[in-house]
Amino acid sequence: MINHGIPDELIGAMIDVSRRFFELPFSERSRYMTSEITTPVRYGTSFNQRSDGVYCWRDFLKLGCHPLRQYLPFWPCSPIDL
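So, in structure tokens, the structure goes:
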């Protein structure tokens, strides 16, 4: 990513905290699983064992963030610096 004005240090920190979230035990990550797309925090996967191949596997974490003070109470507590 270039020419966006976001400092490299911030990008690196975001990648690091994202990696640490996805390394959490499934039991902790699964607290945020839902099929409801309007929830402020949603964890899931695009992988459907009945119809998808591993080639399409994508885990995701969706965090609502605007306005931030409204959404922060719903964000995961771990990693602590998420």
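In this text, residue positions in the sequence shown follow the numbering used here: the first is 43, and each later residue adds one.
Idealized CB from N, CA, C, for every residue including glycine.
Inclusion of GLU70 and PRO109 in the CB contact set at 9 Å is not warranted, their separation being larger than that value.
The three-state secondary structure of GLY47, taken from DSSP, is coil. Remark: three or more beta-carbon pairs, one from each stretch, lie closer than 8 Å, so the stretch 101-108 and the stretch 78-87 are flagged as touching. VAL59 and PRO121 do touch by the CB rule: their CB atoms are close to 5 Å apart, below 8 Å.
Under the DSSP assignment, PHE102 falls in the beta strand (DSSP E) whose first and last residues are 101-105. Taken in chain order, the whole beta strand (DSSP E) runs of length 3 or more contained in the stretch 51-92 are 83-87.
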